[in-house]
Amino acid sequence: MANVSMVDVLFALPILVPSLGALLVLLLDVFLEENWPRGIFTGVVLVGTLGAIKYVSDASGVETTLFSGVLYHDPFSVYFFLIITVTAALTLLMSEGRLRQEGIENPGEFYALYLMATAGAMIFVAAAELITLFLGLEIMSMALYCLCGSAVRLSRSSESALKYFFLGSFSSAFLLFGIALLYGLTGSTQLEVISENLVGSNSFVVAIAMGFLLFGFIFKIGAVPFHFWAPDVYQGAPTPVTAFMACTIKASALGAALRVLWMLFVENYEYYQIWSDAVWMIAILTMIIGNVVALRQRSLKRMLAYSSVGHAGYMLVAFLAPMEWGGGAALLYYIAGYGVMTIGAFGVVLAVTAAGAQERDGDDITTFNGLGNSSPVLAALMTLFLLSLAGLPPGMAGFVGKFYVFSAAVSGGYTGLVIVGVLCSAVSCYYYLRVVVAMYFIPAEAGAGDASVAPTVGLSMGSALGLCAGAVLLLGLFPSFVYDSAKLIVSGLY
Amino acid sequence: MEGLPLLSTIIFLPLLGAVMLYLLPVCKPASDSDGEVSRYTALIFSLMTFVLSVILLVAFVPEQTDMQFRESASWIPSFGIHYQLGVDGISILLVLLTTFLMPIIILASRSVKDGVRAYLFHMLALETAMLGTLLATDVFLFYIFWELMLAPMYFIIGIWGGKRRIYATLKFVLYTVFGSLLMLVAIFYSVNAYAALHGEYTFDLAKLQEGLVLSRNVQIWLFAAFALAFGIKVPLFPFHTWLPDAHVEAPTGGSVVLAGVLLKMGLYGFIRFAYPLFPLGAQVFGPYLALLAVIGIVYGALVAWAQSDIKKLVAYSSVSHLGYCVLGFVAFNVASTTGSLYQMLNHGISTGALFLLVGVLYDRKHTRLIADYGGLAAKVPVFAFLFLVFTLSSIALPLTNGFIGEFLILSGSFQTFPILTAVAVIGVILGAIYMLGLYMKTMYGELDESKNGDLTDVNSRELLVFTPLFALVFVMGIMPGPFLRVMTPTVESYVQNVQAKMVTVAQEELDYDFNPAEFSPDTVLSKRRGEASPLAQVRFEGGLQ
Amino acid sequence: METIVFYLLAASIVFTGVAVVAMRNPIHSALALVCNLIGVAAIFASLQAHFLATVQVIVYAGAIMVLVIFVIMLLNIKEEKPARERFLLLGGVVLAGFAFFVALSFVFLHQFQVTPELTDEITGSVANIGRVLFTKYVFPFEAASLLIMAAIVGSIMIAKTKRREVS
Amino acid sequence: MVSVNHYLILSLLMFSIGVTGFVIRKNAIVVFMCVELMLNAVNIAFVAFARMHGNLDGEIAVFMVMVVAAAEAAVGLAIIIALFRNAKSVDTDDAAELRL
Amino acid sequence: MEHSTVVESAQHLTHHVTTQGAALGIIALLPLVGSFLAFVIGKKNRDSAGWIATLAAALSFGCVLNYFFALPEGGAFEHRVFEWFSAGNISVDFLFRFDQLTAVMCLVVTGIGSLIHLYSIGYMAEDESRHRFFCYLNLFLFSMLLLVLGGNLLVLFVGWEGVGLCSYLLIGFWFKNLSFAAAGKKAFIVNRIGDAGFLLAIFLILLNFGTIDFVELGQRIGGASTELYTLIALCLFVGATGKSAQIPLFVWLPDAMAGPTPVSALIHAATMVTAGVYLLARMHYLFVLAPLAMVVVCTVALLTSLVAALIALVQNDIKKVLAYSTVSQLGFMFLAAGAGAYWVAVFHLVTHAFFKACLFLGSGSVIHACHHEQDMREMGGLGKIMPWTAATYWISTLAIAGIAPFAGYYSKHHIITALQTSGESNSLMLAYGECFATVATVVAVLTAFYMTRSACMTFLGSYRGHSHPHESPKTMVLPLVVLAFLAFVGGYLLEHQLSLAGYLHSVLPVHAHGESEGFLASLLHSWPGFLGVGLALLLYTKLTVVPAKLYGLVPPVSKLLADKFYFDEIYDFLIVKPLYLFSFGLWKGADQAVIDGSVNGTAAVVDMTGEVVRVTETGQLRHYGLFMFAAGVFITIFYLIL
């Protein structure tokens, strides 16, 4: 039993910086004036986190675990740290100065929780041990429950917090049971030990444990059949939180799930069949239901929620494709691309629905009518993000992401799954393009709550959207940069 | 010209123009309220592109049958994806058609009143996408440009279209996406099969053509996926119903580019990709495609006859005409394939011109119903004359361009599918019936003074638009030699190569059958455990052949 | 003896558990839950997890449940209205839960037929727990503080209300 | 003899009761209590397994679950209070503004 | 005849001493230039158009004469203008060839064409857009010359379609009248049906013989099965029926009379409609290998000539009578061709061109005089008012009636003789030869009868109309006189002095025929003509009440004849209407309902699925918990058990 060394602490800096940052926010909130620039401070913390990540990634020569084997310290974690921090920073940037409009009255607490959720998400992906993993999950979730309810005067915000909280607790109870079963089977909560000891176990029990674990992970990823919370919560929560959930949280859940499930069930060859069948079915259901139900949504946030469900489906396809054939790398790339385009889309929603953010139908699709005339740049950006989500050039990141994912799946032999995937992708074009229709083809009616007046964008939102758009294009045009390193990173997993 | 990447310049010059429209201060709506400056800017860029493509044609060596003016740069090395361009006798004239039509479309854009700049932007962007599609020799690059064609067209129909534009444009996009995504799966499959055999990924068309060895069964499926994507684009019966809607709702320029170039992309895809990659699949599907094409010829013609809307009539006539092109190609001999390529050019010119003519009428009277016109020949003789010429070109009267194409197609196809071609000849009759019927109903008879008494004849700008098209109708009808000479060497070697593959591959009837299950994680894991991977065996067998 | 104790405890746990679900009045449910948690603490104790048993009683049955009851009283919650769904659906849900239970236990019966060895060395004593907690599990332990921090901050943010500013 | 199986079955039974309660009860506080039931059920399993394997990882897990439960109690009750403030009800059926 | 003999003779007949480099293209090019100039200059100065066009036609005629005289016995001129197109195994030259057959055709086309141009100057003098008219007319000459000069099937086809286009334009010349325009369209479309057959024939020839050059084809022919020859021949014949107005595609020709009368004379009597006959003559080596096809040709031709003659009996429109007469005479030409006497067919073609052009121009003169009145019941007694017209018309009538020594007699006599002897060369005709000859004789009687009837109704008796007729101007009379002269002596000259048979024997099979008969014998052989003419004179000058009574005698028959056997109505009812309804049904039913319906239906199904699945979005926590739990249990159990 090794004691805690300085190295452990240093290498855990990416987690520690936002945690401490959160405390600092709270502390400063007490002493500073009412309107001190909390957002900027939080941004600085996140930038500091980026610095820490840089430090860690430079230092990571040898793969190792930290704190007597409860945290991984490997490129995989670093990659997800980066994704989590960058998406969190982008979300933060775009929501700068817009909290009040969304009904958030306690910015100090909000930012603190935001940082804590970020830290929790990092623990979640980096955990090498299931109790730590569970704790990371709970830190992230607990902060997130509260963030969802942060617009305290809005009943839909409370309602979304309630739903997210109860369903989240419900699912984590299942996850916990899964952990208990694995512990019972192997006598350890260390992933690597479990993976070794699991060989030869009763596959029935393993299957049940697998089911319970999937319940927990899939819930956070937001895939069918554990997606029911997503639309309600996405719609009810303040838009910045929604964006945070859709990108950062989903990314960390995928990262954690990828590592855990891969190590436990894929490395363990004999359980692979059960595992892959289950994920196969979930992936198909997710793609179909996510995309098909999105067709009928009028609320844009709800639509994006279902779209994110659909994308979870595509990511599960990559999840299924074997790592050697590019599944893992494709997933890593996809998460990055998906993150920027989704944040971009939510950013535009945030800007356009500013006036009606606290109304019930504030994000109705008619809000976008005539945006192409009143604010051509915003509309063009939204078009780019939506096309990217639909996987159509010039939305290159989405297209290349799908390309990687489906290509990996085909080489993995999942051609049927890919066919379903592309068909769903075709279906998804309809609802994405419906927004484009509203923006460009339907003129705004005077007076109504639509975009007859150009929404204000501002510097922070503008730069966030610009960064997202740039990332969408660059990731797509020069994907090798990310993909090749993703390949290297994933190769460390097996 | 040494050192200048000519093809890239041709592809991206229009895009540069499109961007310039937004960057140049003179094009700002404030200083350019009627969009004249933007029009001229766009015109200059499209003309420059045309000039460059003419230079390309001049420098092109027809006798060299492989790709010329190659450009290649590694793009996504892990998948062997290259930014790779090239032009050969099959694509060069289509490139010229594209660059030729675009200035004409821009000249004819006067009828677009609102958002001229955006309209021109989309047109130029579309030109880039189309040229890219024609010039890409990397499957991935091709696919990107292929999909890129959708977005500008979507906006062109959606913003500047008619009443049901939203329905039409969504239908257009969804239909096309539906097909092309399945093609994407087939591309993945082929690339993976190639990788399994040769141990490296590549999207290079030439390499895939060389090295892709697939069993008949697999080829059938992959070809079907490609055929669906391309068949929808052509459009082949029964995947054509998006076309009339899109044509009717699109603005004039949109219709012209749709009929003139976009539809050709489907057949071009067959020629460039589906057939060379999957010759056995092509062999199996060929007769069925021919059947569909012939059905399309007769069906399109019959339905066109029943139309009361001029644009819809012309749209259905496109279905019929493209049927000829497909028939000619799938008959797959040198004559018919050349004819098919030639007919693509002709269709672009004559149908493009017809759409422009309809646009002229629509600009003046804002109706496209046949019943609203009649007796116009007396009032607008020049218009009537032009209309007659393009009508005759459309029904393939000898000495117009249409005849050469149609004759080559039919006489060539007759050698492969005599019965089907005999049926297709019915289309020749029906073509005359609906086109002359249209001409008679609109141009002949007594003029309704109250309705069309104020109609003015084509003005000088419109005349400028039609003159090059008019000239081409006869030049290509009387002197097709120069055009044919550019493509025949390539077509000859192309047809020979593919036919040779059909024969040899069919004879060998390989044991090897690409089976995706071999690449499942089982394989991967067994490999990790040090067992012999089925993949290795596959490689070994592949090496033996 | 041990068996009898187990069955008694088990019976009480199941009974109080059912009571939690079945009671109309939330207060009754809460009280049932307290009993249930104490039963669980007894089970812990019977498994020689003394530290956990203690914490269970103090933190769970004590602090947490008091908080719950406090909230119930604060919000002045009355009895629950009957569900809108028909009885059949409820029955179905209960049956499904039961089926879940039966299926899983059927599976487990074949796996864990092990009688725990009762040894003196390794027990859930405070010392043993503490040793593990502060060596191997020091990071989770610290992370738990973050969790509690988040919970505190979050609940404050959500529950506190500023006076609405009049503009 | 009392085997691990006995504890496990007890655990599962309790878990099932919790699940059932979660699904059929409408009062948010009771639903919350059902979640607590489920967590405690898992705790029983953990402790039994810890005994079976003779290591303390399971007990540490239980300890952490208790922390989580405490945190959940705080957050959950706060959310319920917020909901009550906005909707004047703790009935989960009434909290259905967000739907379809 | 033995197959090999036939093939040999075909090879012999296409074996010319060809002379390269003759600028044959100039013959066709002149009218093309004329056409352009007539339009451009005529647009400024309307009156100049006619003269320009006439000059172009005359110059062309001059060129033809030049080559005609230069043409050596059994030789041919060739002019390879350029390689038109070539791809794969198909290579087509723009090739002109001038042999004896072409020479005859060219002379007819440009000669009569020039005369009709001249005539048109007077006829169209008052028309507002006569520049357009002359432009079209010259364009027609150009196309027609392409047709006859074409050295391969495709150049011929160019001309073939070109004349169709010009015919379309000229029929619909007065396009403000929609029914005229419709007549033009009908002509074009019916022709297209024939063209489709022609195209198929070209494809078949290309496929089986690899060439479409007439000479090469003649050399390569042979070796294929009789069925193939029959098929090709029938396809060609389908093309010919379209262009030359034979059953079943003859319906357009009567309607085509909507065009200006010179057009009817030039296109629909003298030249274009005979293109089918020319085609058969050109491809004779193919037809002689397909005896069955020849029987079909004969049968169709006989039927056509009979039906058309019967209809002509009761027409009152002077141009309609002439139109049906043309159809009937074209039938005669095909009879000759079908009997294997191709040169006779050409002979009749030439004489027919003389007298029918004259008749049409005469009728045009009458119509012009009567201010566009075409109904013969509104005429009468015009012989006194316009003697030149009347005289020429009568001469031509006698010519068409087949009375020696007028032109028509010789060709008709040959046709009937050829039919009688057709069994010698075609065993299938053995049984029918006599029968065909008999019917043909009957038709000849009918021809003489209805033509005399029309002449009587127009020129004899007293004027029944209301306008003030007058003799036509000199530009119109001069062509009439020339043509009448040709109709008078042309046959005799070609039979004896100029010996068409001898001239054509190097390109067409000419069977040795008996020594020339004496004048008396020929008068004797003209008995059908005398019979018809006499009967008509009797009925329409003396017993004028009888015809009406005759018609009244069998009303259904006369009605049937007057209504042209209801061909148009039957086609309309059986083909056009159903096809249009079918098209409409295809559009509404197949296209919109089934195909588009299934497309939109798929979309709707997906959409509805979305709607149905959306039901799960109840917004209620408990339901979500239940769904998740149930789904989790389901998936776990599903994979546990399966």
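Residue numbers (numbering that gives the first Met the number 0), protein chains in the order written: chain L, 0 to 493; chain G, 0 to 544; chain H, 0 to 166; chain S, 0 to 99; chain B, 0 to 641. Where a beta carbon is used, it is the ideal one built from N, C-alpha and C, also for glycine.
- In this structure, the straight-line span from the alpha carbon of G:LEU227 to that of G:SER179 is close to 8 angstroms.
- Residue contact with chain B for H:PHE99: present (Cβ-Cβ distance below 8 angstroms to some residue of chain B).
- Rounded to whole angstroms, the Cβ separation of G:MET343 and G:SER393 is 14 angstroms, and the two are not in contact under 8 angstroms.
- The beta carbon of L:TYR337 sits closer than 6 angstroms to those of HIS310, all from its chain and outside the five residues before and after it, given in chain order.
- About 6 angstroms separates the beta carbons of G:ALA377 and B:LYS175, which is inside the 8 angstroms limit, making them a contact pair.
- Buried is the label assigned to L:PRO224, since at least 16 other Cβ atoms lie within 10 Å of its Cβ.
- Separation of the CB atoms of L:ALA118 and L:VAL69 is rounded to 15 angstroms, and the pair is thereby denied contact status at 8 angstroms.
- Using a Cβ-Cβ cut-off of 8 angstroms, G:ARG164 counts as an interface residue toward chain L, since at least one Cβ of chain L sits closer than that to its own.
- Looking at the DSSP output, B:PHE84 bridges to B:VAL91.
- Sequence-distant partners of H:ILE12 (beyond 5 residues in either direction) whose C-beta falls short of 8 angstroms from its own C-beta, in its chain, are ASN35, GLY38, VAL39, ILE42.
- Taking 8 angstroms as the upper bound for CB-CB distance, G:ALA245 and G:SER307 are not in contact here, some 18 angstroms apart.
- The C-beta separation of G:ILE477 from G:LEU391 comes to about 14 angstroms, leaving the pair out of contact by the 8 angstroms criterion.
- Think of a sphere of 9 angstroms around the beta carbon of H:ILE147: the chain S residues whose beta carbon falls inside it are VAL66, ALA69, ALA70, ALA73, in chain order.
- In this model, L:GLU191 and G:LEU276 are separated by some 46 angstroms (Cα to Cα).
- Its chain contains SER202, VAL205, ALA206, MET209, PHE264 as the residues whose beta carbon lies nearer than 8 angstroms to that of L:ILE273, once the 5 sequence neighbours on both sides are disregarded; these appear in chain order.
- For the C-beta of L:MET121, not a single chain S residue is nearer than 9 angstroms; the gap to the nearest is close to 18 angstroms.
- Checking the DSSP bridge columns, you'll see G:ASP308 partnered with G:LEU368.
- Pairing B:ILE192 with G:ILE428 gives a Cβ-Cβ distance under 8 angstroms.
- Across the set B:VAL532, B:ALA86, B:PHE97, B:SER119, the C-alpha of B:PHE97 shows the shortest separation from the C-alpha of B:THR18.
- DSSP places B:PHE405 outside both helix and strand once states are collapsed to three, so it counts as coil.
- Of the residues assessed, L:PRO106 falls on the buried side of the cut-off, its CB having 16 or more other CB atoms within 10 angstroms.
- In the same chain as G:SER71, and ignoring 5 residues on each side of it, the C-beta atoms closer than 6 angstroms to its own belong to HIS81, GLN83, in chain order.
- Residue pairing by DSSP places G:ILE80 opposite G:ILE75 in a beta bridge.
- When Cβ-Cβ separations below 8 angstroms define contact, B:VAL598 makes contact with chain G.
- The segment 393 to 402 of chain B and the segment 434 to 453 of chain B touch, with no fewer than 3 CB-CB distances between them shorter than 8 angstroms.
- In this structure L:ARG301 does not touch L:GLN357 by the C-beta definition: roughly 17 angstroms separates them, more than the 8 angstroms allowed.
- Listed in chain order, the positions of the segment 344 to 374 of chain L with a beta carbon within less than 7 angstroms of a beta carbon of chain S would be empty, since no residue qualifies.
- Chain S places a beta carbon closer than 8 angstroms to that of H:GLU1, counting this residue as a contact.
- Think of a sphere of 7 angstroms around the beta carbon of B:SER582: the chain G residues whose beta carbon falls inside it are LEU301, VAL302, TRP304, ALA305, in chain order.
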